[in-house]
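Heads up: the sequence shown begins at 1 in full-length UniProt numbering, then just goes up one per residue.
Here's the structure, in structure tokens; my notes come after.
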Amino acid sequence: MPLRAYAQDDLARLTELTIDTFRPFFEESVGTVLDGLVLTTLHADWRDDYRALVPTLHDPAQDKYVAVAETDGVIAGYVAWQADLARHHGEITLLAVDERHRGEGTATALCEHAFADLRGRGTKLVEIGTGGDAFHAPARALYESLGCVPFPTAHYYRRL
């Protein structure tokens, strides 16, 4: 699967892909916590949040990069990462793959591409965050297959 660097013309597709990828998380996972209170209080504007975030993901002057995977000339997925060169640390900030291309190795190829870039910049450690809910189970399996080690965290909410 061909991978290439982000181009400004990709912005609309990446934004759409991000919203499509994470819609089930917000609507079916977060949307069920405390009868929807977490969604309506913290993430009511999640689509607009992504519309604001995606344009900021690629900024080489800030050591932030995006690569896209294409299938038949159409963007099938992308990975965004950033490097903290002073700390020799990198982070995968966002990974999204079109549901029609999941299970084809797209996410693996994208992550390995980002890892190689980070390694080439002198980083020694990469971090990838994901959720502990059912929606994120495939992501957890992917990251573990890539040799990543989980560190459990928990978020608690209470209605007041």
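Note that CB positions come from ideal geometry on N, CA and C, so glycine has one too.
| Check | Outcome |
| --- | --- |
| Exposed or buried, which one is residue 165 when buried takes at least 16 other CB atoms within 10 Å? | Here the chain comprises residues numbered 1 to 160, so residue 165 is not present and cannot be evaluated. |
| Please return the same chain residues whose Cβ sits closer than 7 Å to the Cβ of Gly122, not counting the five positions on each side in sequence. | Leu85, His88 |
| Can you grab the Cα-Cα spacing for the pair Val74 / Ala12, in whole Å? | 13 Å |
| For the alpha helix (DSSP H) containing Leu39, list its first residue and its last residue. | 37-42 |
| Just to check my reading of the structure: Thr71 and His101 have Cβ atoms closer than 8 Å, yes? What is that Cβ distance to the nearest angstrom? | 6 Å |
| Just the Cα atoms here: how many angstroms apart are Gln62 and Trp81? | 11 Å |
| Does DSSP put Asp63 in a helix, in a strand, or in coil? | coil |
| Looking at the structure shown, is His88 part of a helix, part of a strand, or coil, going by DSSP? | coil |
| Ignore the nearest five residues each way along the sequence and tell me which others in Ala5's own chain have a CB closer than 7 Å to its CB. | Ala67 |
| Counting C-beta neighbours from all protein chains within 10 Å, is the total for Ala40 16 or more, i.e. buried, or is it exposed? | Here residue 40 turns out to be Thr, not Ala, going by the sequence shown. When all chains shown are included, Thr40 counts as exposed. |
| Where Ile19 and Leu94 are concerned, what is the direct C-alpha to C-alpha distance, given to the nearest angstrom? | 12 Å |
| Could you check what DSSP says for Arg4 in three-state terms: helix, strand or coil? | strand |
| Would DSSP call Tyr78 helix, strand or coil? | strand |
| Check whether the Cβ atoms of Ala96 and Met1 lie closer than 9 Å to each other. | no |
| According to DSSP, is Val33 part of a helix, a strand, or is it coil? | helix |
| Buried or exposed: Leu125, going by 16 or more other Cβ atoms within 10 Å of its Cβ? | exposed |
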